[in-house]
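*Asks:*
Chains as they are written, first to last, in the working numbering: chain X, 16 to 675; chain R, 15 to 405.
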């Protein structure tokens, strides 16, 4: 049926009108393109930096605060003493969450008052970014993200108390975030009396969920932090868990090696040119020598000797000032250097805990039955220096009940525990690729080995390649996986030496039983095949008994020898370790003696300080008791005890207070 | 101390003879036990360090090394398991039934389940029972097929328009299979091709064994066997016992030239081709009937890469399989008597080339010479045979 002409005309007009609306919308949207601040981006993408679930939010907040505290202490050469409080306050505003208070106190150097809003309220504000050092924090994102999460869930920022050694009073304030401008806003700033000589307390109130054990558990994190920081004393108080204090086992603050200049082979062209801009007016030759590691006169001379002229750097470019060089010339310099054979980057920029420190620290994890630790020499992987450490411990508490469960893997990157997304991590990939059967552990194909073990693997490098901004997974490059495999295999060999000794006694015992089990079956089967009469069977049985008697006699002697060797091996190991403890105890006694001598000189001792000093005494005594007991066992018991952590600061703090 | 060893004929042991050998072995053990002497079981050592190669014989033969197991606390488990398994095998021979290794593993497990006294003998996995069966074979110098323990009928799909196979079945029936009447269906040789008689209905110029069964099927589908008087066999990777014995049968009964066409890589030369031509170190006692020394290596040859501009690529040393093959090739160059022999100098040179250049080229690369010509591969193969471009 034909339509009236007027109707069709109006439809066409409407369509034209629709098109014009659409075009206007497009134009409008094109005009509204805006720029967002870094803080705005992260506030909308907190899952990228470890705040993807309530459980992870609590763990990440704790982790970032502890990382900052430890880094600050180590930078200032202070033996860290941290107190953690994580309490459930009530139901949270978000579904299935609780309102949680996380408080981390350290004895670090404190923060400049002007820097407080930058540290806690500004993204990408960091003293460590791109410095090429093995510090825990790198980019300056984590703690600001924690403040953002706290503000988003409870509308309250981070509460900070901090005091530097030179200050008489501490600064107390609340840091909120100005997301629009990526700035921290200081609120309620006051100067307060604080008994500590220096340090920082940061407190967040946020919505989240407390999980104690498992992959994302707070205790798993704390356990890992304890292992890799033998110089740290930690007190923690978490809801549903008894207050616990773990004392340090070494009195040496690790010296973090200073960064060296970058290696030119680790740079891309853009970075190379930007690097030049940092040096102002300088000749190219001098810039190459001063701005990079592994380039010296000899290396430049080698480049200039290249048979292929195009692979050399023009002399006039070498003598020109870098701020006058055109980008094309930079490209030629860059290409020549990339083509040249240079020494690999230096490995002295990495630091490790060391086998002795690990050996002492591993026993703070629980009742360790046996352990093996290994620190590899620094190596170059993907043109970056890397050092790997491995600790394998067998826990008495897990023996027997958990033999069919996979080993517990503790992963670390620059001494920070990694707890999520383990499947794609280089550490787990290398762990599953090692044939643990040959080291005496059971292992299903392409899986983690089984048994009551903790396998801790630490990767230390100034340039760790993480897969994401939340630093949960290390990228599995072939070279790194191979280096990790070697470390694990070496640690496996050490473990297997012990297991073999231990197993030998079992094997010999089994063999004695073998003759008794198999002998009669052998004779029965032979008699069946030969249809032999009973008399022959009887004679063969008697003959077998004689053989058996000869064998078991010899075996029992072997069994006795093997048991003797095993116990002497354990005794030797125990003696070696007790040596470390004796050194530490001697150091502590010396410190205590000095402290007492200092006390006598003091004329006035305020009552508070006296009270404070009197408290650690039982704890100290208990610690000593533990240590002497530990030295007597093959792998001594951990120096772990329940104590009123915050109420019993150690003697050092008390002395500082007195002086004040 | 007495030794319970056997000196059997190398081939063609009949059932009664096998039973006799087994009982003889058991009798010696029983006598030793009655005298409170430790019985010793001795078997031929089947490994490369006990392999000899002579170009006149044409295959790897066992040397004088023996593996001995004396009854003591360490070996009692192995010996008891061996005698237990021997009983099962002898019974199979007696009642003329066959089993695969997997089935024997379950037969043994069944006995263990129903008799608590046998519990200690239980096999943890099939590897354990397989090694016991191999030990029995080496001890009796018998093929596992002679002990009625057969393998899967893997590989060996055969096509030809002029070949007739006559099979005498165990019940005496005679079956005649004319391969020319099977259409596109292949003939599959069984585990004991020694029972097969071969006849021809026309001229047969050559037989070609192709590493990839898929490529063999492609050639046949494109009419290779219709245009050429030949036999085409798909090996399906490392040739199974059936394929090796089947090719030996063709060599002995038809006397036609035999060619092998496979990839140019260390695994193919050192493992697949060497096993087909001279047998393997693991089966030294049976190589006399399970390899075809007349087979020639038609390609892919290193020169073919240049000659036909074939697609080749670098060996990925990060790949565990390829790295292992390369390492095994290096070992073979220095330790394998087959490659050390002057007669196989050219093959050794190929291995050297592969180890040095770390390149590989697959047989399917011939197709890339002219992708639009479906007969491209056939033309190259026939050309190579005509020009005697093989090793």
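Yeah, the Cβ is synthetic: ideal placement off N, Cα and C, and Gly gets one too. Owing to the predicted nature of the structure, the values given are computational and were not obtained by experimental measurement.
#1: Are at least three pairs of beta-carbons, each pair with one atom in the region 498–515 of chain X and one in the region 52–69 of chain R, less than 8 angstroms apart?
#2: Give a yes or no on whether the minimum CB-CB distance between residue 343 of chain R and chain X is below 8 angstroms.
#3: Does any residue of chain R have a CB that is nearer than 8 angstroms to the CB of residue 423 of chain X?
#4: Inspect the beta-carbon positions of residue 302 of chain X and residue 314 of chain X and report whether they are closer than 8 angstroms.
#5: Given a cut-off of 8 angstroms, decide if residue 226 of chain X and residue 70 of chain X are closer than it, judged by their beta-carbon atoms.
#6: Go ahead and pull the three-state DSSP assignment for residue 637 of chain X.
#7: Which one or two residues does DSSP pair with residue 178 of chain R in a beta bridge?
#8: Taking the straight line between their C-alpha atoms, what separation do you get for residue 177 of chain X and residue 84 of chain X?
#9: Scan the region 128–161 of chain R for residues whose Cβ lies nearer than 7 angstroms to a Cβ of chain X and list them as they occur along the chain.
#10: I'd like the list of long-range same chain contacts for residue 466 of chain X, defined as Cβ closer than 7 angstroms, with 5 residues on each side in sequence excluded.
#11: From residue 95 of chain X to residue 186 of chain X, what does the alpha carbon distance come to, in whole angstroms?
#12: Keeping to the same chain, check which residues put their C-beta closer than 8 angstroms to that of residue 678 of chain X; ignore five residues upstream and five downstream.
#13: Who are the near neighbours of residue 254 of chain X in its chain, counting only those whose CB is closer than 7 angstroms to its CB and skipping five residues on each side?
#14: Spell out the partners DSSP gives residue 206 of chain X in its beta bridges.
#15: Hey, how far is the Cα of residue 118 of chain R from the Cα of residue 452 of chain X?
#16: How many whole angstroms separate the CB atoms of residue 427 of chain X and residue 231 of chain X, which I take to be in contact at a CB cut-off of 8 angstroms?
#17: Let me check understanding here. Comparing Cα to Cα, which of R/269, R/92, R/294 and R/192 lies closest to residue 446 of chain R?
#18: Which residues in chain X sit within 8 angstroms of residue 40 of chain R, going by Cβ to Cβ distance?
#19: Measure from the alpha carbon of residue 75 of chain R to the alpha carbon of each residue in R/88, R/293 and R/224, then state which is nearest.
#20: Using Cβ-Cβ distances below 7 angstroms, what residues of the region 313–339 of chain R are close to chain X?
#21: Determine the extent of the alpha helix (DSSP H) in which residue 215 of chain X is found, giving its start and end residues.
#22: What runs of the beta strand (DSSP E), each 3 residues or longer, lie entirely inside the region 67–120 of chain X?
#23: If the cut-off is 9 angstroms on Cβ atoms, which residues from the region 433–462 of chain X count as contacting chain R, listed in chain order?
#24: On the three-state DSSP scale, how would you describe residue 386 of chain X?
#25: Give the residues from the region 90–102 of chain R that approach chain X closer than 8 angstroms (Cβ to any Cβ), ordered along the chain.
#26: Report the three-state DSSP secondary structure of residue 473 of chain X (helix, strand or coil).
#27: When we look at the beta-carbon of residue 645 of chain X and count the other beta-carbons within 10 Å, is it buried (16 or more) or exposed?
#28: Can you list, in chain order, the residues of the region 554–567 of chain X whose Cβ is nearer than 7 angstroms to any Cβ on chain R?
#29: Evaluate contact between the region 353–371 of chain R and the region 262–274 of chain R, counting only Cβ atoms and requiring at least three cross-stretch pairs below 8 angstroms.
#30: Where does residue 383 of chain R fall in DSSP's three states?
#31: If I'm right that residue 410 of chain X touches residue 388 of chain X with Cβ under 8 angstroms, what's the distance once you round it to whole angstroms?
#32: Mind checking which residues open and close the alpha helix (DSSP H) that includes residue 128 of chain R?
#33: Kindly give me the distance between the Cβ atoms of residue 55 of chain R and residue 153 of chain R, rounded to whole angstroms, as I take these residues to be in contact under 8 angstroms.
#34: May I ask which residues mark the beginning and end of the beta strand (DSSP E) holding residue 66 of chain R?
#35: Bridge partners for residue 582 of chain X per DSSP, in chain order?
#36: So residue 319 of chain R and residue 375 of chain R are in contact, right, with Cβ under 8 angstroms, and what is the actual spacing, rounded?
*Replies:* Per the coordinate set shown:
#1: no
#2: Within the second chain, the letter at position 329 stands for residue 343 of chain R. No, residue 343 of chain R does not count as interfacial toward chain X.
#3: Along the first chain, one-based indexing puts residue 423 of chain X at 408. With 8 angstroms as the cut-off, residue 423 of chain X does not count as an interface residue toward chain R.
#4: Translated into positions along the first chain, residue 302 of chain X becomes position 287. Translated into positions along the first chain, residue 314 of chain X becomes position 299. Contact: no.
#5: Here the question's residue 70 of chain X lines up with position 55 in the first chain. Here the question's residue 226 of chain X lines up with position 211 in the first chain. In contact: residue 70 of chain X and residue 226 of chain X (Cβ atoms closer than 8 angstroms).
#6: Translated into the one-based positions of the first chain, residue 637 of chain X becomes position 622. Residue placement at residue 637 of chain X is flagged as unreliable, the pLDDT there being 35, under the threshold of 50; a coordinate-derived value is accordingly withheld.
#7: Here the question's residue 178 of chain R lines up with position 164 in the second chain. BP columns for residue 178 of chain R point to R/192 and R/213.
#8: As a first step, residue 177 of chain X must be located in the first chain, where it is residue number 162. As a first step, residue 84 of chain X must be located in the first chain, where it is residue number 69. Answer to the nearest angstrom: the Cα atoms are 12 angstroms apart.
#9: 131, 132, 134 and 135
#10: Here residue 466 of chain X is taken as the residue at index 451 of the first chain, counted from 1. 418, 422, 456 and 457, listed in sequence order.
#11: Mapped onto the first chain, residue 95 of chain X falls at position 80. Mapped onto the first chain, residue 186 of chain X falls at position 171. Approximately 21 angstroms, taken between the alpha carbons.
#12: Here chain X has residues from 16 to 675 only, and residue 678 of chain X is not among them.
#13: The count along the first chain starts at 1 and reaches residue 254 of chain X at position 239. Same-chain partners within the cutoff: 101, 102, 103 and 225.
#14: The residue given as residue 206 of chain X occupies position 191 in the first chain. In DSSP, residue 206 of chain X forms a bridge with X/186.
#15: Taking the first residue of the second chain as 1, we reach residue 118 of chain R at position 104. Taking the first residue of the first chain as 1, we reach residue 452 of chain X at position 437. Approximately 27 angstroms, taken between the alpha carbons.
#16: Taking the first residue of the first chain as 1, we reach residue 427 of chain X at position 412. Taking the first residue of the first chain as 1, we reach residue 231 of chain X at position 216. Between residue 231 of chain X and residue 427 of chain X the Cβ distance is about 16 angstroms, and since that is not below 8 angstroms, they are no contact.
#17: The structure shown has nothing for residue 446 of chain R, since chain R only spans 15 to 405.
#18: Walking along the second chain from the start, residue 40 of chain R turns up at place 26. Simply 541, 544 and 545.
#19: For the purposes of this step, residue 75 of chain R is taken as the residue at position 61 of the second chain. Considering only alpha carbons, the answer is R/293.
#20: 332
#21: Mapped onto the first chain, residue 215 of chain X falls at position 200. Residue 215 of chain X -> not in any alpha helix (DSSP H); beta strand (DSSP E) instead, spanning 214–223.
#22: 96–106
#23: none
#24: Indexing the first chain from 1 puts residue 386 of chain X at position 371. Residue 386 of chain X: strand per DSSP, three-state reduction.
#25: Flagged, chain order: 90, 91, 93, 94, 97, 98, 100 and 101.
#26: Along the first chain, one-based indexing puts residue 473 of chain X at 458. Strand, per DSSP.
#27: On the first chain, residue 645 of chain X is found 630 positions in, with the first residue counted as 1. Because residue 645 of chain X sits at a pLDDT of 30, beneath the cut-off of 50, its placement in the model cannot be relied upon, and the point is left open.
#28: 554, 555, 558, 559, 561, 562 and 566
#29: no
#30: Here residue 383 of chain R refers to the residue found at position 369 when the second chain is read from its first residue. Three-state DSSP puts residue 383 of chain R in a helix.
#31: Looking up residue 410 of chain X in the first chain gives position 395. Looking up residue 388 of chain X in the first chain gives position 373. With a Cβ gap of about 15 angstroms, residue 410 of chain X and residue 388 of chain X do not count as contacting.
#32: As a first step, residue 128 of chain R must be located in the second chain, where it is residue number 114. Segment 115–128, the alpha helix (DSSP H) holding residue 128 of chain R.
#33: Here residue 55 of chain R refers to the residue found at position 41 of the second chain. Here residue 153 of chain R refers to the residue found at position 139 of the second chain. Right, their Cβ atoms sit about 6 angstroms apart.
#34: Walking along the second chain from the start, residue 66 of chain R turns up at place 52. Looking at the DSSP string, the run of the beta strand (DSSP E) that includes residue 66 of chain R is 65–67.
#35: Within the first chain, residue 582 of chain X is the residue found at index 567, counting from 1. Bridge partners of residue 582 of chain X: none, in fact.
#36: Indexing the second chain from 1 puts residue 319 of chain R at position 305. Indexing the second chain from 1 puts residue 375 of chain R at position 361. Right, their Cβ atoms sit about 6 angstroms apart.
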